[in-house]
Amino acid sequence: MVTEQYPKVYLYRRIVQAKLFIDKNYADKIDLSNISDEAYFSKFHFIRLFKSIYGKTPHQYLKYVRIEKAKELLNNEASVTEVCYSVGFDSVSSFSGLFSKIVGISPSMYLAQKKQTKEKITKNPLSFVPGCYAYQHGWYEK
Amino acid sequence: MITKMTVTNIHVIDQDSAYDFYVNKLGFKVVDDIPMGPDSRWLTVSPPEQPDLQLVLFPVKVSKMFPKETAETLIDLIKKGIFGCGVLTCNDIFATYEELKAKGVEFIKPPKKEFYGTEALFKDDSGNYFSLQPLTNFDNENDI
């Protein structure tokens, strides 16, 4: 039970610090063994606790963060190669492979879709806003 | 038959600050961020695992919708922390509490076991408050 664990607040803080470390340093070569060392845990114990809290192993979580960041960068129309290296991958093929597996489409396809959506927004922004809101704001009058 | 809630409002005092709070601190995803003229912006976010619910970060400012007196009254009430905006759920309330606290989120109440389950309360950057509860509070087994 989670409630019984909470008095061990230091455990939570170490795991949370490890998660925040991944959030901040996802673009670097992160050695997950070092994270468990920093958290003063055995690697096995660390992975087990991390997974019990976040539903993913630290390695799975790192991959998740990298792909989420990649989506954000692609949303801003960065190139696939640029994004690949910006989020910590060594090769475009491994990045594209993982991205496709998690997102369901390739990064280049994702980028193309986002560009298309942006063009539509630029052309007709009101079509992306519920009419009632646009009316209340007076955006139809402009 | 109503099937879903798709769009709802969170009245905020400053949209830029609300963006930082909901996206960078709470980890919500931006759905739409569309400029609507020089002083207007359509800004919606979603909880990370609920992409089909858009929360409009709705700025309270003097406008067609809010005459001066109404805007001032509403801003005053938001700042006083009168408005509760709902329950946000998480897998692990203690880890979520520690993480949000580390990111500077202001808690009115740390996680506490109540008769209805464990709950914490926190405020957004405007003054709106939320209840934070673990998903287990909503398990059938915990029915009162």
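One line per chain: the protein sequences are A and B, in this order.
Take the first sequence: its position 130, counting from 1, is numbered 130 in UniProt numbering, and each next residue is one higher.
Take the second sequence: its position 41, counting from 1, is numbered 41 in UniProt numbering, and each next residue is one higher.
Cβ atoms here follow ideal geometry from the backbone N, Cα and C, with glycine treated the same way.
Treat the numbers as computed from the prediction; the structure is a model and nothing was measured.
As computed with DSSP, Gly117(B) is found in a beta bridge with Glu114(B). Counting C-beta pairs with one atom in each stretch, the segment 13-25 of chain B and the segment 107-117 of chain A have fewer than three that are closer than 8 Å, which means they do not touch. Counting along the chain, Gln116(A) sits inside the alpha helix (DSSP H) bounded by residues 107-123. As the crow flies, the alpha-carbon of Pro111(B) is around 44 Å from that of Thr81(A).
Around the CB of Tyr10(A), fewer than 16 other CB atoms lie within 10 Å, so the residue is classed as exposed. Distance from the CA atom of Val103(A) to the CA atom of Gly104(B), rounded to whole angstroms, is 31 Å. Using a Cβ distance threshold of 8 Å, Glu98(B) and Tyr12(A) count as a contacting pair. Within the UniProt domain "VOC" (4-135) of chain B, the complete beta strand (DSSP E) segments of 3 residues or longer fall at 7-12, 29-35, 41-46, 54-59, 84-90, 106-114, 117-123, 129-134, listed in chain order.
For Val16(A), at least one C-beta of chain B is nearer than 8 Å to its own C-beta.
In this structure, the beta-carbon distance from Gln50(B) to Ile93(B) does not fall below 8 Å.
Assignment of Ser79(A) by DSSP, reduced to helix, strand and coil, places it in the coil class. Under the 8 Å Cβ criterion, the segment 57-68 of chain B counts as touching the segment 1-14 of chain B, having at least three qualifying pairs.
A distance of 8 Å or more separates the beta carbons of Ser36(A) and Phe21(A). Taking a Cβ-Cβ cut-off of 8 Å, the neighbours of Lys64(B) in chain A comprise Gln136, His137, Gly138, given in sequence order. Within chain A, no residue has its CB atom less than 9 Å from the CB of Ala71(B), the nearest being about 14 Å off. Taking 8 Å as the cut-off, the beta carbon of Gly88(A) is found closer than this to the beta carbon of Ala27(A). Here Pro107(A) is near Ser96(A), since their CB atoms are less than 8 Å apart.
The beta carbons of Leu121(B) and Phe138(B) sit no closer together than 8 Å. Against Glu99(B), the close residues of chain A are Val16, Lys19, Leu20, in the order they occur along the chain (beta-carbon pairs closer than 8 Å). For Val16(A), the secondary structure class from DSSP, reduced to helix, strand or coil, is helix. In terms of beta-carbon proximity, Val129(A) lines the interface with chain B, with at least one pair separated by less than 8 Å.
Separation of Ser79(A) and Ser131(B) (C-alpha to C-alpha, rounded to the nearest whole angstrom) is 40 Å. In the DSSP assignment, Tyr135(A) falls within the alpha helix (DSSP H) that extends over 131-137. The beta carbon of Ile34(B) is closer than 6 Å to those of Trp42 in its chain, skipping five residues each way along the sequence. Residue contact with chain A for Ile34(B): present (Cβ-Cβ distance below 8 Å to some residue of chain A). DSSP places Tyr85(A) within a helical segment (H, G or I) once states are collapsed to three.
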